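Student: Before I ask anything, here is the structure I am working with.
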C-alpha cells in the first residue's frame, strides 16, 4: 500500500447518489456483506462507523485458500481481493444503505484493478455475494448509478460469488483506529472519514460524530 493516494470519488457529493430502488427485505438476525474497495484498512474504518454494523473483519476473498496471506496477496497473482466482511443488524441498517456508502464514500468504483496509487487485482472493486438476492440488488444499484451518471466513467465493480472468506492477520484488524497517525491512514482513510461524517453523520455511531474522530476511526 502506497502512502500517497488520491480518491477522485470523494469529490462526488452524497446528493448525487440516489437511494437504491431495490433492496433486501428486513430479516431477523445478523447479516453480512463482503466488499472489496482497495486497501482494507480504509474500507474497514468506514463501515465500523455505521450505526447498525456490529462487526467488520478485514480479510481476503476470491482466491485459493493456500495463498490467503498478506505477503502472497500483495503480489497480485493469487486471485484474492482485499475485502471487509461487514456484519450488520438489518433492523438498524439495510443492505441497500450499506451499498450506498460503499459506492459513495468507501472507494471509487470506476477504477479498474486499483484505488489511487494502489494497483493490482487485489485492490479491485468487488462485491462478493452469498445469495442470488444479494447479487440482484447489487447489480440493480450499479445499473441505477450508471444510468444516473453519478460518475463520469462507468462503474467497474465486479460481482463475484463468495466461495470463502479468509480473515487477515491480526495486525490488520482495526488498523486505522489503532494507527491514526500512520501516513497512509492520514492520507487515505482520514479524507474518507471526513466525507462520511459530513455526508452520513445522522447514520453513524455516536462516538464517530465527535470533532476528533475524523482521523481516528
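Numbering (the UniProt record's numbering), first residue to last: 1 to 217. Built from N, CA and C at the ideal position, the CB exists for glycine as well. Quantities reported herein were computed from a predicted structural model and do not represent experimental measurements.
In whole angstroms, give me the CA-to-CA distance for residue 92 and residue 191.
Tutor: CA-to-CA, the gap between residue 92 and residue 191 works out to about 26 Å.
Student: Counting Cβ pairs, one atom from each stretch, are 3 or more of them under 8 Å apart for the region 32-42 and the region 114-126?
Tutor: yes
Student: What residues in its chain sit with their C-beta under 8 Å from that of residue 162, if we drop five residues either side in the sequence?
Tutor: 34, 61, 128, 129, 130
Student: Rounded C-beta distance between residue 87 and residue 135? I'm assuming under 8 Å.
Tutor: Between residue 135 and residue 87 the Cβ distance is about 19 Å, and since that is not below 8 Å, they are no contact.
Student: Tell me the rounded alpha-carbon separation between residue 84 and residue 102.
Tutor: 11 Å
Student: Assuming residue 139 is part of the beta strand (DSSP E), what are its boundary residues?
Tutor: From DSSP, residue 139 is part of no beta strand (DSSP E) but of the alpha helix (DSSP H) over 132-148.
Student: Tell me which residues share the same chain as residue 155 and place their Cβ nearer than 7 Å to its Cβ, disregarding the 5 neighbours each side in the sequence.
Tutor: 109, 110, 142, 145, 146
Student: Roughly how many angstroms separate the alpha carbons of residue 104 and residue 17, rounded to a whole number?
Tutor: The straight-line gap from Cα to Cα measures roughly 7 Å.
Student: Taking buried to mean at least 16 other C-beta atoms within 10 Å of its own C-beta, is residue 157 buried or exposed?
Tutor: buried
Student: Per DSSP, what kind of secondary structure is residue 60 in: helix, strand or coil?
Tutor: In the structure shown, residue 60 adopts extended strand secondary structure according to DSSP, grouped into three states.
Student: Whole angstroms are fine: how far does the CA of residue 168 sit from the CA of residue 57?
Tutor: 8 Å
Student: Quick one: Cα of residue 23 to Cα of residue 89, how far?
Tutor: 15 Å
Student: Around the C-beta of residue 200, are 16 or more other C-beta atoms found within 10 angstroms, so that it is buried, or is it exposed?
Tutor: buried
Student: Compute the distance between the beta-carbons of residue 43 and residue 107, then report whether it is under 8 Å.
Tutor: yes
Student: Keeping to the same chain, check which residues put their C-beta closer than 6 Å to that of residue 79; ignore five residues upstream and five downstream.
Tutor: Scanning its chain for C-beta atoms nearer than 6 Å, with the 5 sequence neighbours on each side dropped, one finds around residue 79 the residues 62, 63, in chain order.
Student: Could you tell me the distance, in whole angstroms, from the CA atom of residue 165 to the CA atom of residue 65?
Tutor: 9 Å
Student: State buried or exposed for residue 171, treating a residue as buried only when at least 16 other CB atoms are found within 10 Å of its CB.
Tutor: exposed
Student: Sort 95, 26, 55 by Cα distance to residue 173 and report the nearest one.
Tutor: 55
Student: How many Å lie between residue 20 and residue 96 at the Cα?
Tutor: 6 Å
Student: In the DSSP output, which residue or residues are listed as bridge partners for residue 93?
Tutor: Answer is none; residue 93 lacks a bridge partner.
Student: Judging by CA-CA distance, which residue of 137, 59, 117, 72 is the nearest neighbour of residue 94?
Tutor: Nearest option by C-alpha distance: 137.
Student: For the region 156-207, which segments carrying the alpha helix (DSSP H) assignment without a break, of at least 4 residues, lie completely within its bounds, in sequence order?
Tutor: Qualifying alpha helix (DSSP H) stretches, in chain order: 175-178, 190-200.
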